[in-house]
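Numbering (this note's numbering), first residue to last: 8 to 687. Worksheet for the structure shown next.
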């Protein structure tokens with residue numbers, strides 16, 4: 008059976024769709040390219056479906072490698088039979104494969120090994136048959152035989168699956184506080200997890216990750232257990248045949264096997280699988296939030312004044328050109344008359360069209376200072392509050408040093424804030440996605456999986472939006488389908504040496520950018536004002552001929568099927584027609600200015616029942632956090648997001664969305680604000 012035949016049923020897809028996708032992946036096609044330009048081959052699979060296929064395919068390749076290792080190991084032991092080889096070849100479950108391998112897996116000497124060395128295997132085999140005849144053996148010999156039986160049961164697939172089923176149904180996760188650390192200040196962050204006893208299958212992913220963090224930091228101990236009596240009963244049914252003396256020995260071996268071998272092994276499995284599931288959910292939230300953040304509305308090419316707020320050291324102020332170049336920088340203080348002059352003069356001199364204010368400490372006070380100062384002038388640029396998450400990481404990075412070698416980190420940070428307003432995507436790709444702050448427990452999940460998911464999200468968004476090849480930075484170009492750091496830099500170097508690209512075909516002159524790379528990247532790169540208008544659309548060069556025919560047919564949409572060929576179907580034709588109708592359209596919406604309620608400045612100003620404007624700053628699987636301008640984010644619990652039941656908050660809100668919320672609870676002592684979207 009082929010990989011595609013194994014993968015397709017689990018994903019609810021046709022085998023032909025999966026097979027075609029695997030073939031394209033094997034040919035080094037990227038996920039964005041396959042989703043956009045190979046719809047006829049895949050049956051119009053989207054990026055999510057293609058990613059799922061790629062993930063399952065990678066797992067099967069990994070499993071194939073594991074099979075080879077196992078077969079080689081067993082063969083070296085001289086124990087590989089034709090039946091065992093067939094069993095391994097036909098196994099496509101990682102868990103089942105490891106169960107098959109368990110009796111042959113190299114291990115440290117066990118109690119059963121010692122008993123076998125004493126020649127007690129025949130006695131163990133005889134006891135397992137549970138004959139009615141009496142067994143003549145010493146207690147030491149019986150103990151050795153029981154050790155062998157206990158190990159054999161722990162390695163029996165039937166026994167392991169029986170215990171797994173019971174754990175799946177009744178496993179309970181319990182915690183106990185480590186008494187020596189319970190009174191420490193750090194432990195108080197985890198006091199909600201000092202005495203947990205919850206069914207594992209119902210435990211929310213964020214709660215499990217918090218518990219595991221507390222365990223890793225040494226504040227609690229965690230145990231996962233199923234109902235012992237039910238587990239032993241299941242094992243008895245498998246192995247106990249009567250009530251003879253031998254059966255009693257087997258029963259004793261079963262109890263020992265469960266407590267000493269099976270239970271710890273299956274507990275480790277469930278600890279790992281539950282952590283993996285929690286990681287998957289947390290990473291999904293990260294990726295969803297990151298996608299929303301990267302697709303945040305751009306202001307576009309406007310002259311921007313950006314301020315990185317601060318009390319003690321002042322607010323760093325920078326003026327940027329419409330292309331994002333640094334024109335000027337200074338420092339202003341919020342209660343200084345001279346600073347008012349500096350601000351108004353900068354707005355006037357650089358003909359500022361918009362003001363970006365970071366949302367960190369003193370953001371609210373900085374915004375009020377700017378509004379108050381400019382209210383006395385005839386210049387009234389729109390004011391935007393911009394997320395600072397990751398700006399400090401960027402300002403100290405190699406990329407920032409290369410862009411601004413003569414400026415300090417404060418200037419670089421303010422520039423990043425201003426550029427984020429102009430084009431969030433172009434600026435945020437310069438920062439490690441993990442540093443942008445778009446989820447919780449980012450240090451607790453599998454770091455390799457997190458990095459892969461976030462990088463894939465960035466790649467997806469960059470290709471979805473498209474990139475102007477004549478203005479894009481190498482950091483942005485790196486994420487374009489088929490490109491990487493080397494070719495991205497080569498594009499920029501070629502552009503610098505030869506001037507702007509006049510058409511997409513000119514990309515083939517870039518060193519190391521061959522035909523295959525061109526195929527993968529061309530449709531996602533835009534050339535505005537070039538020799539061919541199609542170069543500024545998402546139409547792939549391989550389809551220009553058909554696009555030109557469609558552009559000359561005003562009635563094309565009514566008889567599109569007439570243009571179908573062997574390799575160009577309706578999905579591609581529909582995409583081309585859409586591009587011709589709305590060429591070079593940025594799929595992102597326009598940025599909108601925002602203003603906090605002027606009657607609230609601190610948590611003490613809040614009252615239950617108030618309806619206030621806010622900005623969504625973070626989304627988890629249990630709710631969304633909202634900045635109300637009071638230096639403490641409020642929480643909209645998932646139960647307060649809609650009158651209907653929802654599965655996750657992203658169904659209702661998006662990151663950095665402007666919302667109106669009702670205050671339903673205030674805990675000033677703990678700095679907690681509870682909010683609701685209902686009945687607004």
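Even for Gly, the Cβ is constructed at its ideal location relative to N, Cα and C.
Please classify residue i as buried or exposed, where buried requires at least 16 other C-beta atoms within 10 Å of its C-beta.
i, result
"residue 84", "exposed"
"residue 271", "exposed"
"residue 8", "exposed"
"residue 498", "buried"
"residue 695", "Lying outside 8 to 687, the shown extent of the chain, residue 695 is not represented and no answer is given."
"residue 614", "exposed"
"residue 407", "buried"
"residue 437", "buried"
"residue 3", "Outside the displayed range of the chain (8 to 687) lies residue 3, so it cannot be described from this structure."
"residue 296", "buried"
"residue 656", "buried"
"residue 191", "exposed"
"residue 153", "buried"
"residue 547", "buried"
"residue 176", "exposed"
"residue 568", "exposed"
"residue 552", "exposed"
"residue 316", "buried"
"residue 121", "exposed"
"residue 115", "exposed"
Cα-Cα, which of the options is closest to residue i?
i, options, result
"residue 310", "281, 427 and 400", "427"
"residue 645", "596, 412, 211 and 234", "211"
"residue 299", "547, 594, 636 and 653", "594"
"residue 58", "654, 25, 76 and 79", "25"
"residue 39", "471, 94, 135 and 109", "471"
"residue 150", "261, 63, 87 and 67", "261"
"residue 444", "627, 605 and 60", "627"
"residue 64", "621, 128, 17 and 520", "17"
"residue 454", "420, 582 and 289", "289"
"residue 435", "629, 450, 452 and 464", "464"
"residue 495", "504, 479, 508 and 507", "479"
"residue 61", "503, 81, 630 and 32", "32"
Taking 9 Å as the cut-off, decide whether the C-beta atoms of residue i and residue j are in contact.
i, j, result
"residue 5", "residue 515", "In the structure displayed, the chain extends from 8 to 687; residue 5 sits before or after that span and is not available."
"residue 440", "residue 632", "no"
"residue 673", "residue 681", "yes"
"residue 324", "residue 353", "yes"
"residue 488", "residue 37", "yes"
"residue 598", "residue 448", "no"
"residue 534", "residue 510", "yes"
"residue 473", "residue 529", "no"
"residue 197", "residue 226", "yes"
"residue 587", "residue 554", "yes"
"residue 333", "residue 377", "no"
"residue 423", "residue 403", "no"
"residue 336", "residue 414", "yes"
"residue 167", "residue 104", "no"
"residue 229", "residue 182", "yes"
"residue 285", "residue 231", "no"
"residue 432", "residue 305", "yes"
"residue 668", "residue 635", "yes"
"residue 603", "residue 619", "yes"
"residue 366", "residue 328", "no"
"residue 257", "residue 170", "no"
"residue 106", "residue 56", "no"
"residue 174", "residue 240", "no"
So who's on the other strand from residue i, going by DSSP bridges?
i, result
"residue 532", "474"
"residue 632", "625 and 642"
"residue 680", "673"
"residue 667", "620"
"residue 389", "361"
"residue 311", "327 and 361"
message = List, from N- to C-terminal side, the alpha helix (DSSP H) runs of 4 residues or more that fit wholly inside the region 322-364.
response = Runs of the alpha helix (DSSP H) inside the region 322-364: 344-356.
ask   = Along the chain, which unbroken stretches of the beta strand (DSSP E) at least 3 residues long are found entirely within the region 221-293?
value = DSSP runs (the beta strand (DSSP E)) wholly in the region 221-293: 227-232.
message = So within the region 75-116, which uninterrupted beta strand (DSSP E) runs reach at least 3 residues, ignoring any that extend past its ends?
response = When DSSP assignments are scanned along the region 75-116, no uninterrupted stretch of beta strand (DSSP E) that is 3 or more residues long falls wholly within it.
inquiry  = Please give me, in chain order, every unbroken run of the alpha helix (DSSP H) with length at least 4 that falls completely inside the region 394-458.
reply    = Restricted to the region 394-458, the alpha helix (DSSP H) segments that are unbroken, complete and at least 4 residues in length are 398-402, 405-410, 416-429 and 431-435, listed in chain order.
message = Restricting to runs no shorter than 4 residues, where is the alpha helix (DSSP H) found entirely within the region 143-167?
response = The qualifying runs are 146-161.
request  = Note down, one range per segment and in chain order, each beta strand (DSSP E) of at least 3 residues found wholly within the region 170-216.
outcome  = Counting only runs of 3 or more, we get 179-184 and 204-206.
query = Could you give the uninterrupted runs of the alpha helix (DSSP H) lying entirely in the region 485-559, keeping only those of 4 residues or more?
reply = Taking only runs of at least 4 residues, the alpha helix (DSSP H) segments lying wholly in the region 485-559 are 492-505, 522-528 and 551-558.
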